[in-house]
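In what follows, a structure is listed as structure tokens, so that the remarks can point back to it.
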Amino acid sequence: MSDPDCIFCKVVRRELPSEIVFENDELIAFNDIGAQAPTHLLIIPKTHIATLNDLGAEHADLVGRMVLKARDLAAERGIDDDGYRLVANCNAHGGQTVYHIHLHLLGGRQLKALG
Ligand code: AMP
Ligand code: ZN
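Each residue of the sequence shown is one higher than the last, beginning at 558 in the working numbering.
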């Protein structure tokens, strides 16, 4: 499913420019346009799911593969041993600004405490 007005669906459809670093039939990973760390990637499903609240049991394998892909991308960049952070924001209090679920992969520097 694709949402005509969703920014990340537009990235998937190549209607917006992006620096894609990985793609397969169900996932895409690209550089965050407002990078907060030397490595700041977004890992998203190609299908439009607005928030974490919209996930169902049928998405468990998809979400698992998003996490594993983030892990692999961290290893490819050589930041796995030093460490990195995976973040998924949900709705207003979580700081979500793009309503298409995504994992932030942040690394390459010492990250500060969450909050
Ligand atoms: P969140 O606040 O968790 O919803 O994260 C949304 C992220 O998407 C932010 O870190 C933005 O910098 C990033 N972002 C927004 N538009 C684009 C875009 N066109 N290409 C890449 N990253 C984007
Ligand atoms: Zn979308």
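The beta-carbon is built from N, C-alpha and C at its ideal position, and this holds for glycine as well. Please read all numbers here as calculations on a predicted model, not as lab measurements.
Legend entry - Among Lys567, Pro602, Arg571, Leu573, nearest to glutamate 583 - alpha-carbon criterion: For the residues Lys567, Pro602, Arg571, Leu573, the minimum Cα distance to glutamate 583 belongs to Pro602.
Legend entry - Local Cβ density within 10 Å of glycine 664, reported as buried at 16 or more and exposed below that: Around the beta-carbon of glycine 664, 16 or more other beta-carbon atoms lie within 10 Å, marking it buried.
Inset, instruction - Output the distance between the C-alpha atoms of leucine 573 and isoleucine 606, rounded to the nearest integer angstrom. - result: Taken atom to atom, the span from the alpha-carbon of leucine 573 to that of isoleucine 606 is near 19 Å.
Legend entry - threonine 608 to aspartate 638 span [Cα, whole Å]: C-alpha separation (whole angstroms): 30 Å.
Inset, instruction - Compute the minimum distance between the beta carbon of serine 559 and the heavy atoms of ligand 1, and state whether it is under 8 Å. - result: Serine 559: no, Cβ never under 8 Å from ligand 1.
Inset, instruction - Taking the CB atoms as reference points, tell me whether leucine 662 and alanine 614 lie closer together than 9 Å. - result: 9 Å or more divides the Cβ of leucine 662 from the Cβ of alanine 614.
Inset, instruction - Grab me the residues of glutamate 576's own chain with a C-beta within less than 7 Å of its C-beta, minus the 5 sequence neighbours each way, in chain order. - result: These residues qualify, in order along the chain: Phe587, Asn588.
Legend entry - Proximity below 9 Å, CB of valine 578 to CB of leucine 598: Yes. Within cutoff.
Legend entry - Whole-angstrom distance between isoleucine 564 and arginine 570, CA atom to CA atom: Counting only the Cα atoms, isoleucine 564 lies some 10 Å from arginine 570.
Inset, instruction - May I have the straight-line CA-CA distance separating leucine 671 from methionine 558, to the nearest angstrom? - result: Leucine 671 and methionine 558 have their C-alpha atoms some 33 Å from each other.
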